[in-house]
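Scroll down for the structure; my scribbles are underneath it.
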Amino acid sequence: MRDKYVLKICSSGSYQVGKTSLIRRYAEGTFTSNYMPTIGVDITSKLITVNNQQVKLILHDTAGQEVFGRLRRFYYEGSVGCLVIYDITRRDTFDSVKHWVADYRSVRGEDKPVVIIGNKIDLEEQRTISTKEGQALADSIGIPFYECSAKLGGELISQIYTDLITNNFDLFK
Ligand code: GDP
Ligand code: MG
């Protein structure tokens with residue numbers, strides 16, 4: 004098998020929802036509770052096999068801060084899809100989801116795959132956004148919805164990335 008395909012996938016969403024943590028969990032299998040804001044852009048790569056084809060994923064970690072507004076276009080360029088993440092304990096991050104979906108699509112086009120992820124489900128007692136509400140928002144936009152925990156990890160996180168590839172590229176079906 005050769006490293007034949009290179010796909011860039013972005014992450015977006017408000018500040019501190021767990022964008023960096025999800026990428027680290029997926030790419031390195033680690034989690035840290037020390038908060039370290041992402042400055043600018045961080046790029047990680049991960050080699051995976053989808054349907055017997057080797058794919059190199061380039062995972063771009065975008066900064067949530069509006070202050071990086073003009074640079075976001077640059078992070079999105081060339082990407083095949085985007086994970087829009089919110090924190091199930093913080094309503095403001097959920098309210099911003101539509102904005103982040105529109106922001107990505109304004110740069111990459113309406114047909115580019117975007118998925119919505121409610122993160123931090125390990126904090127169930129602090130939950131303010133129900134699964135039903137998250138699902139309803141995704142349904143209203145017509146895109147997939149997941150809930151996960153970057154802290155707990157689990158198979159679902161890898162599944163989000165493989166689903167995005169298999170659901171959108173005939174080549175990997
Ligand atoms: P980003 O600003 O979106 O990149 O968010 P970070 O990945 O830096 O995470 C922000 C904070 O939330 C950090 O303190 C993380 O340790 C914490 N965090 C991220 N994901 C989870 C999770 O699934 N569960 C819990 N309990 N904390 C998380
Ligand atoms: Mg970050």
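Just so you know, we're using the numbering used here here: the sequence shown kicks off at 4 and counts up by one. No residue lacks a Cβ here, since even glycine has one placed at the ideal position from N, Cα and C.
- Under DSSP, Asp64 shares a beta bridge with Ser14 and Asp45.
- When rounded, the separation of the alpha-carbon atoms in Asp125 and Thr47 is 25 Å.
- For Ile120, the pairing in a beta bridge is given by DSSP as Ile88 and Tyr149.
- Judged by the Cβ position, Thr96 fails to qualify as a neighbour of ligand 2 at the 6 Å threshold, every heavy atom of the ligand being at least this far.
- A residue is called buried once 16 or more other Cβ atoms fall within 10 Å of its Cβ, and Asp90 is buried on that count.
- With a cut-off of 6 Å, the C-beta of Lys123 is classified as distant from ligand 2, since no heavy atom of the ligand falls inside that distance.
- Counting only the Cα atoms, Gln138 lies some 21 Å from Tyr18.
- By the C-beta density criterion, Gly121 is buried, having at least 16 other C-beta atoms within 10 angstroms.
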